[in-house]
Amino acid sequence: MAHGPHSSGPAPRSRLFALLKTEQPDVGLIVFFSVLTGLLYLATPLAVDSVVQNIAFGGQQQVYVQTLLIFSFALLVFLALSSFISAAQHFIAELIQQRIFVRLAADMAYRLPRIRREALETANTPELVNRFLDVTTVQKSCATILLDAVNVVLSACIGLLVLAFYHPFLLAFNFVLVSLLAVIVFLLGRRGVDTSIEESYAKHALAGWFEQIVMFPTMFKGPGGPAYSLHRADALVNDYLTSRKAHYSVLIRQIIALLLLEAFAAAALLAVGGILVLSNQLTLGQLVASELIVGTVVYSMVSLGKHLEIWYDAMAAVDKLGKLVELPVERPDGEPVKPSGKPFEVEFRSVTFRYDDATRPLFQDIDFAAVPGERVAVTGPIGAGAGTLLEMTYGLRDANDGVIIIDGMDIRHWQLVEFRSRAVLMNEVAIFSGSILENVRLHRQEITLDEVCAALDRVGLLARFLELPDGLHTQLLAGGRPLSDSQKVKVCLARAIVGNPKLLMIDKVLDGLDPERSSRVYETLFGPDRSWTLLLATRDRNLLERCDRIYRLPDPPGVPRDAEGAKN
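Under our numbering, the first residue of the sequence shown is numbered 177, with each subsequent residue one higher.
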């Protein structure tokens, strides 16, 4: 089995505790309430002890009936109070669940747009992001652990402590019981967390394969596609079953041991308690109360098997979420720059770039400049690195050597968020599920509806979109349906220009557009009155001819990587 490596950061247990640390006041309140319910839980065995001791053999005289009613009413009050406290615990646990979801969702929404480009290239990102759904497992597991498991443990401890006051032999009985329980949980539970994580990775690997089938439907409908889809799924299912069996073998031995412990505890207490009653060292009422306490404690221990599985699931979920929060993000620091009001100037000074897994640089000692307002085409053979050059200009990749100057300042000193508010890189046709207006405006509240309409008009789409029943509020699916391919490109271009950027970079997205139907696009990009410097990575002759200058990259060294050829 070959699953992704476990999270390389802190242990899952440490991650879970860190997640709950911010909820420390409410967690402490739940624990305090658990202590109270544990004490109130003793009302039943103590009431039974009192009834057996004082009125069990008293007949039906009025005084005994009154005493019984008093005991019953007192027990009702204590149990009602315990129920009220338990309800309060559930309410607090629900608040904790909601806050955990909100915190993790906010962290992901902040982190995902800022993940470094290199990290996204070495992972199956859709499958990786799907791990966020494990937040529901963390939510429910935390609630169950805080409510049931804590109540079980504290109630058991309090009950066993009461037994210890009855007789020293019962104290020794408690010690043996707790020792055996520790052996079951810690010794028999070895590799429980690891096997749970492996099972979870196997499950997500299968889900990732199904995603790939849906991503490339035409290929999997073609020759060999259906058969290979089934073959690969069968192999991944076998991986999952192997992992599941390994995890279940740990879990079942713990469950069997807990069931045997239940039988041992009940029989041993009856024998020890009976001997103590016969020797007048324990009253009959105390024996009955002890049986009730131990019965509840042992039942709690057996239910611990369920909580162990929940614990293992929580550890696996936290480990997968750890993979997300460990993805490296871009630097948040940088210098705020006062706007100059003119298009950006771009300059490369002896820039060298090499991919991490490459033996030779993609390009070396590149010297290149674009003056403010200039339209420059960057071109070269496949794999030469034109797209990579634009990514470096946008701050997505760092140069191995040399310096990139944007508007008079090293890009490494720019605050990236501020820089990208004035510069745009268009290297993909990206349409998310939302309205046309939302796709163009992209939550930039300072951009007015008139500006959105003007941008759509510049690319020749406004009249067509206004004819739609919902106009600019027409909903698009992720990927852009029902728009045509050229309309998708133009929507993305409208998004890029609506804010009047100072630097506009386009990486081969416009290649292949029909010149006769794209005259408005060309006028928009190359018009003399535009506010941006244009860097255009292209091999399209129609676009090259319209640029002020063409910069040709040298041939790529050696045999280019497939990934480079696809991107550049």
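Where is the CB? At the ideal position from N, CA and C, for every residue including glycine.
- Contact annotation, I360 with Q430: C-beta distance approximately 6 Å; criterion of less than 8 Å satisfied.
- Within the same chain, A670, I673, V674 come within 6 Å of A631 by CB-CB distance, once the 5 residues on both sides are set aside.
- Cα atoms of I581 and G561: separation of roughly 19 Å, rounded to the nearest angstrom.
- Listed as beta-bridge partners of V628 by DSSP are no residues whatsoever.
- The continuous alpha helix (DSSP H) containing E297 extends over residues 293-297.
- For E523, the three-state secondary structure derived from DSSP is strand.
- When the Cα atoms are used, L500 and L572 turn out to be separated by approximately 19 Å.
- Between the alpha carbons of L637 and D577 lies a gap of roughly 43 Å.
- Every alpha helix (DSSP H) stretch that sits fully inside the stretch 312-386 and reaches 4 residues is listed by chain position as 326-342, 344-358.
- Taking the CA atoms as reference points, R191 sits about 48 Å from D731.
- Under the Cβ criterion (8 Å, minimum of three pairs), the stretch 345-355 does not count as touching the stretch 392-411.
- Take the alpha-carbon of D533 and the one of G384: they are about 25 Å apart.
- For T528, the CB contacts under 8 Å within the same chain, skipping 5 residues up- and downstream, are P537, F539, Q540, D541, I542, A575, N576, D577, G578 in chain order.
- Taking 8 Å as the upper bound for CB-CB distance, L382 and Y424 are not in contact here, some 18 Å apart.
- Excluding five sequence positions before and after R525, the CB atoms of its chain that fall closer than 8 Å to its own CB belong to D543, G578, V579, I580, I581, given in chain order.
- Contact between G656 and K666 does not hold, since their C-beta atoms are separated by about 11 Å, which reaches or exceeds 8 Å.
- With fewer than 16 other beta carbons inside 10 angstroms of its own, T312 counts as exposed.
- Judged by DSSP secondary structure, D683 falls within the beta strand (DSSP E) whose first and last residues are 679-683.
- Annotated as proximal: L497 and D310, with beta-carbon spacing under 7 Å.
- For the pair of segments examined, the stretch 510-517 was found not to touch the stretch 486-496: the number of CB pairs separated by less than 8 Å stays below three.
- No Cβ-Cβ contact shorter than 7 Å links D683 with N615.
- Partner residues in a beta bridge of G675, as assigned by DSSP, do not exist.
- Between G549 and T700, the CB-CB gap reaches or exceeds 7 Å.
- Pairing R292 with E506 gives a Cβ-Cβ distance under 7 Å.
- Excluding the 5 residues flanking it on each side, A493 has same chain C-beta neighbours closer than 6 Å at D310, T313, V314, in chain order.
- Excluding its 5 nearest sequence neighbours in each direction, Q457 has C-beta neighbours in its own chain below 7 Å: H343, listed in chain order.
- Fewer than three pairs of CB atoms, one per stretch, sit closer than 8 Å, so the stretch 716-726 makes no contact with the stretch 594-602.
- Here R634 is buried, its C-beta having at least 16 other C-beta atoms within 10 Å.
- The C-beta distance from D687 to T714 rounds to 6 Å, short enough to fall under 8 Å.
- Counting only the Cα atoms, L323 lies some 28 Å from N306.
- A check of alpha carbon separations from L304 across L288, K316, C318 identifies L288 as the nearest.
- Using a 10 angstroms sphere on the CB of Y570, the tally of other CB atoms reaches 16 or more, which defines it as buried.
- Separation of A422 and S317 (C-alpha to C-alpha, rounded to the nearest whole angstrom) is 21 Å.
- The DSSP-derived three-state label of V605 is coil.
- A Cβ-Cβ distance of about 5 Å is found for the pair E387 and P302, placing them in contact under the 8 Å criterion.
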